[in-house]
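**Student:** Its first residue numbered 0, the sequence shown is counted upward by one per residue in numbering that gives the first Met the number 0.
For glycine and all other residues, C-beta sits at the position ideal for the given N, C-alpha and C.
If you're wondering where the values come from, they're calculated on a predicted model, not measured in any experiment.
Structure incoming, see below.
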Amino acid sequence: MTSLTSAISTQVANNTTLTAGGQSVHACMLIQEILKQIFSDIYSSCKDKDKLKHDYWRSFRCGSSRPERKIARRSLAALSRVCRSFKDVALDVLWAELDNMEPLFTCLPRDLWHMSSRNGMLTMRRPVTMADWSIFDRYASRVRALGVLQVDSDIFGRIHEDFIHAIMCFSSKSLLVPKIQTIYSEGSCSDVHSCIRYILGPDLTCLHLAFTDVFWSNVMSSALSSLKIHSPRLKVLDLAHVPSQINELVLSELVHLQEVSLTLVNSKAFHFHTSTLDVLRIRCMSTLTFIAESVGYWVVPCLCLYLITKCCSTAPNIELALYKMNNRVLCDGLEEFRYDVPDVVTDIASSFSIHTFTPLMRFSSLKVVDLASFCMSLLDDDALGSIVNSWPHLECLYLGTGGALKEPPKPKVTFQGLVTVLSSCLDLRELGLVFDATRVDPPTAEKPGAGVYNTNITTLHVGFSQIKQPLQSSPR
Numbered sequence: 000m001t002s003l004t005s006a007i008s009t010q011v012a013n014n015t016t017l018t019a020g021g022q023s024v025h026a027c028m029l030i031q032e033i034l035k036q037i038f039s040d041i042y043s044s045c046k047d048k049d050k051l052k053h054d055y056w057r058s059f060r061c062g063s064s065r066p067e068r069k070i071a072r073r074s075l076a077a078l079s080r081v082c083r084s085f086k087d088v089a090l091d092v093l094w095a096e097l098d099n100m101e102p103l104f105t106c107l108p109r110d111l112w113h114m115s116s117r118n119g120m121l122t123m124r125r126p127v128t129m130a131d132w133s134i135f136d137r138y139a140s141r142v143r144a145l146g147v148l149q150v151d152s153d154i155f156g157r158i159h160e161d162f163i164h165a166i167m168c169f170s171s172k173s174l175l176v177p178k179i180q181t182i183y184s185e186g187s188c189s190d191v192h193s194c195i196r197y198i199l200g201p202d203l204t205c206l207h208l209a210f211t212d213v214f215w216s217n218v219m220s221s222a223l224s225s226l227k228i229h230s231p232r233l234k235v236l237d238l239a240h241v242p243s244q245i246n247e248l249v250l251s252e253l254v255h256l257q258e259v260s261l262t263l264v265n266s267k268a269f270h271f272h273t274s275t276l277d278v279l280r281i282r283c284m285s286t287l288t289f290i291a292e293s294v295g296y297w298v299v300p301c302l303c304l305y306l307i308t309k310c311c312s313t314a315p316n317i318e319l320a321l322y323k324m325n326n327r328v329l330c331d332g333l334e335e336f337r338y339d340v341p342d343v344v345t346d347i348a349s350s351f352s353i354h355t356f357t358p359l360m361r362f363s364s365l366k367v368v369d370l371a372s373f374c375m376s377l378l379d380d381d382a383l384g385s386i387v388n389s390w391p392h393l394e395c396l397y398l399g400t401g402g403a404l405k406e407p408p409k410p411k412v413t414f415q416g417l418v419t420v421l422s423s424c425l426d427l428r429e430l431g432l433v434f435d436a437t438r439v440d441p442p443t444a445e446k447p448g449a450g451v452y453n454t455n456i457t458t459l460h461v462g463f464s465q466i467k468q469p470l471q472s473s474p475r
């Protein structure tokens with residue numbers, strides 16, 4: 000399929016006869032499903048395929064501005080003109096994803112619109128007619144994803160709000176893009192806030208709005224509060240800098256949610272109850288205590304919980320915050336727990352002890368624990384053994400490998416602690432652990448690695464581990 004796709008794309012670009020391996024394309028290649036697969040492959044092969052697990056938004060539009068994507072779009076446009084059999088399928092793929100709505104308006108008759116040379120604003124030159132709407136709807140009905148991963152990206156582009164309202168006069172469904180499934184936007188001019196309703200359709204399943212708090216006008220807040228009416232099938236929702244009262248209104252009664260990401264702007268608690276989510280991400284510009292206070296009225300069980308804070312608390316405060324989140328977002332069935340502080344954690348007071356882990360040790364179903372940002376120098380072999388014995392199903396464990404203390408204290412975990420982890424967690428595939436390997440007995444032929452075998456490990460990070468005899472340590 001890949002070689003055929005390459006042949007078609009290259010020959011279309013060169014305006015030559017469609018062939019594959021020197022042969023004319025077989026009639027079966029005119030089957031719609033096969034064409035759709037080929038054309039989709041032409042487009043997707045030019046996008047970044049380095050998908051990050053549980054990072055939908057980065058995988059959705061990474062690489063959207065790469066030159067290869069423009070080449071793919073030109074190839075698809077050429078394919079749509081090759082023959083009638085290709086036209087609709089190629090156009091479906093070509094229009095499936097747009098950075099913003101400008102192309103939908105600039106495809107209208109040239110005498111209808113004008114682009115300002117001063118600010119690039121699209122305005123009307125004459126009234127919109129039914130014929131104009133027919134052209135617009137022909138392409139708008141093909142759009143499935145709208146937006147781009149870029150700061151200040153605006154899904155409406157530089158279209159004047161009057162132009163949008165005029166087009167909408169002809170829409171029987173009151174929708175600009177009736178089959179939209181995914182929206183990603185990081186900004187929007189306040190002049191078009193009243194138009195947000197026109198893109199909230201019944202097929203919308205993924206919505207990301209990363210706006211500043213200035214964005215949340217009464218008009219915008221009202222429109223988003225009606226999501227449960229206009230877009231009840233939402234599965235993925237990412238809201239940033241939303242006031243607590245708006246969060247509560249938006250999140251209520253969205254019963255199909257599977258993945259929720261929130262950036263909290265104040266610690267005022269609000270109500271949020273839902274069935275078990277696949278993923279819950281909570282970000283804030285403060286500490287974990289801030290998050291714990293914000294979720295005081297929540298009951299949001301989830302399989303994967305990601306916490307990101309700008310600042311780091313002391314270890315006792317982190318422990319207390321985790322206890323407060325118990326049965327709020329830390330619920331039975333939790334399989335993945337990650338807590339990250341993007342800023343460098345340099346305070347030794349943030350070093351985890353076994354007490355810091357205690358609120359998490361009851362979750363025996365945990366498969367992933369990522370606490371790479373924090374210093375673990377207070378843990379010894381016995382404490383580490385108690386912790387990992389609480390999580391028998393671990394597949395991924397990162398403790399302290401991302402710490403950046405200028406003079407990191409000597410870890411108390413030794414090579415024996417590493418052996419304990421490997422022997423206790425038989426499903427472990429990824430391990431990040433800082434340990435002291437300055438004194439290692441040479442391995443013997445009878446018992447390399449102290450007799451402990453774990454052949455599932457594919458990734459091992461040792462951070463700033465003290466290893467003075469790497470040749471002796473590595474065989475173990």
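(1) Give me whichever residues DSSP pairs with residue 208 in a beta bridge.
(2) Could you check if residue 129 is buried or exposed, using at least 16 other CB atoms within 10 Å of its CB as the buried criterion?
(3) Considering only the beta carbon of each residue, do residue 234 and residue 257 sit closer than 8 Å?
(4) Please state if the CB of residue 279 and the CB of residue 299 are separated by a distance shorter than 8 Å.
(5) Sort 393, 416, 410 by Cα distance to residue 428 and report the nearest one.
(6) Have a look at the DSSP bridge pairing and note the partners of residue 259.
(7) With a cut-off of 8 Å on the beta carbons, I'd call residue 179 and residue 142 a contact; round off their distance for me.
(8) Residue 335 to residue 456, Cα distance in whole Å?
(9) According to DSSP, is residue 366 part of a helix, a strand, or is it coil?
(10) How about the region 345-356 and the region 372-380: do they share at least three Cβ pairs that are nearer than 8 Å?
(11) Count the other CB atoms, across all protein chains shown, that sit within 10 Å of the CB of residue 399; report buried if there are 16 or more and exposed otherwise.
(12) So, is residue 192 buried or exposed, given that buried needs 16 or more other C-beta atoms within 10 angstroms?
(13) Can you tell me whether residue 318 is buried or exposed, with buried defined as 16 or more other CB within 10 angstroms of its CB?
(14) DSSP state of residue 303, grouped into three classes?
(15) Return helix, strand or coil for residue 457, following the three-state DSSP convention.
(16) Taking Cβ to Cβ, would you say residue 342 is nearer than 8 Å to residue 309?
(17) How long is the line joining the alpha carbons of residue 168 and residue 69, rounded to whole angstroms?
(18) Going by DSSP in three states, residue 420 sits in which element: helix, strand or coil?
(19) Which residue wins for smallest C-alpha separation from residue 162, given the options 145, 137, 111?
(20) Between which two residues does the beta strand (DSSP E) containing residue 113 stretch?
(21) Alpha carbon to alpha carbon, what distance is there between residue 232 and residue 36?
(22) Judging by CA-CA distance, which residue of 204, 237, 242 is the nearest neighbour of residue 215?
(23) Would the C-beta of residue 284 count as close to the ligand SAH, meaning under 7 Å from any of its heavy atoms?
(24) Per DSSP, which residues does residue 104 bridge with? Please list them.
(25) Excluding the five sequence neighbours on either side, which residues of its own chain have a C-beta within less than 6 Å of the C-beta of residue 369, listed in chain order?
(26) Based on the DSSP secondary-structure assignment, which residues constitute the bridge partners of residue 298?
(27) Where does the unbroken alpha helix (DSSP H) through residue 384 begin, and where does it stop?
(28) Would DSSP call residue 325 helix, strand or coil?
(29) Could you give the residue range of the beta strand (DSSP E) that holds residue 143?
(30) Would you report the Cα separation of residue 366 and residue 415, rounded to the nearest angstrom?
(31) Who are residue 434's beta bridge partners in DSSP?
(32) Please report the distance separating the alpha-carbon of residue 85 from that of residue 203.
(33) Quick check: residue 144 and residue 105, are their CB atoms within less than 8 Å of each other?
(34) Within a Cβ cutoff of 6 Å, which residues of the same chain sit near residue 461, ignoring the five residues on either side of it in sequence?
(35) Let me check understanding here. Comparing Cα to Cα, which of 108, 120, 71, 138 lies closest to residue 91?
(36) Within 10 angstroms of the Cβ of residue 348, are there 16 or more other Cβ atoms? Answer buried if so, exposed if not.
**Tutor:** The short version:
(1) According to DSSP, which records beta bridges pairwise, residue 208 is partnered with 184, 238.
(2) Counting C-beta atoms within 10 angstroms of its own C-beta, residue 129 has fewer than 16 neighbours from the protein chains shown and is therefore classed as exposed.
(3) Yes.
(4) Going by C-beta atoms, residue 299 is nearer than 8 Å to residue 279.
(5) When only C-alpha atoms are compared, the closest one is 393.
(6) Residue 259 pairs with 236, 279.
(7) Contact holds; Cβ gap of about 6 Å.
(8) Roughly 18 Å separates the two Cα atoms.
(9) Of the three classes helix, strand and coil, the one that applies to residue 366 here is coil, per DSSP.
(10) A contact is defined here as three or more CB-CB pairs under 8 Å, and the region 345-356 meets this definition with respect to the region 372-380.
(11) Flag for residue 399 reads buried.
(12) Under a 10 Å Cβ-count criterion, residue 192 is classified as buried, with 16 or more other Cβ atoms of the shown protein chains found around its own Cβ.
(13) Its Cβ being crowded by 16 or more others within 10 Å, residue 318 is buried.
(14) Strand at residue 303.
(15) In this structure, residue 457 counts as coil in the three-state DSSP scheme.
(16) When the beta-carbon positions are compared, residue 342 and residue 309 come within less than 8 Å of each other.
(17) Residue 168 and residue 69 have their alpha carbons spaced roughly 33 Å apart.
(18) Residue 420 falls in the helix class under three-state DSSP.
(19) Answer by Cα proximity: 111.
(20) Element bounds for residue 113: 112-114.
(21) Here the alpha carbon of residue 36 sits roughly 26 Å from the alpha carbon of residue 232.
(22) By alpha-carbon distance to residue 215, the top candidate from 204, 237, 242 is 242.
(23) Of ligands this structure carries none, so the ligand SAH is not represented either.
(24) DSSP, once it has assigned bridges, lists no residue as partnering residue 104.
(25) 337, 397, listed in sequence order.
(26) Under DSSP, residue 298 forms a beta bridge with 272.
(27) Its alpha helix (DSSP H) spans residues 380-388.
(28) Note: residue 325 maps to strand in three-state DSSP.
(29) Where residue 143 is concerned, there is no enclosing beta strand (DSSP E), given that its DSSP letter is neither H nor E.
(30) Each residue's CA atom was taken as its position, placing residue 366 and residue 415 some 22 Å apart.
(31) BP columns for residue 434 are empty, so no partner.
(32) A straight-line Cα-Cα distance of about 28 Å links residue 85 and residue 203.
(33) No.
(34) Correct list: empty, nothing qualifies.
(35) For residue 91, the nearest C-alpha among the options comes from 138.
(36) Residue 348 is exposed by the Cβ-count criterion.
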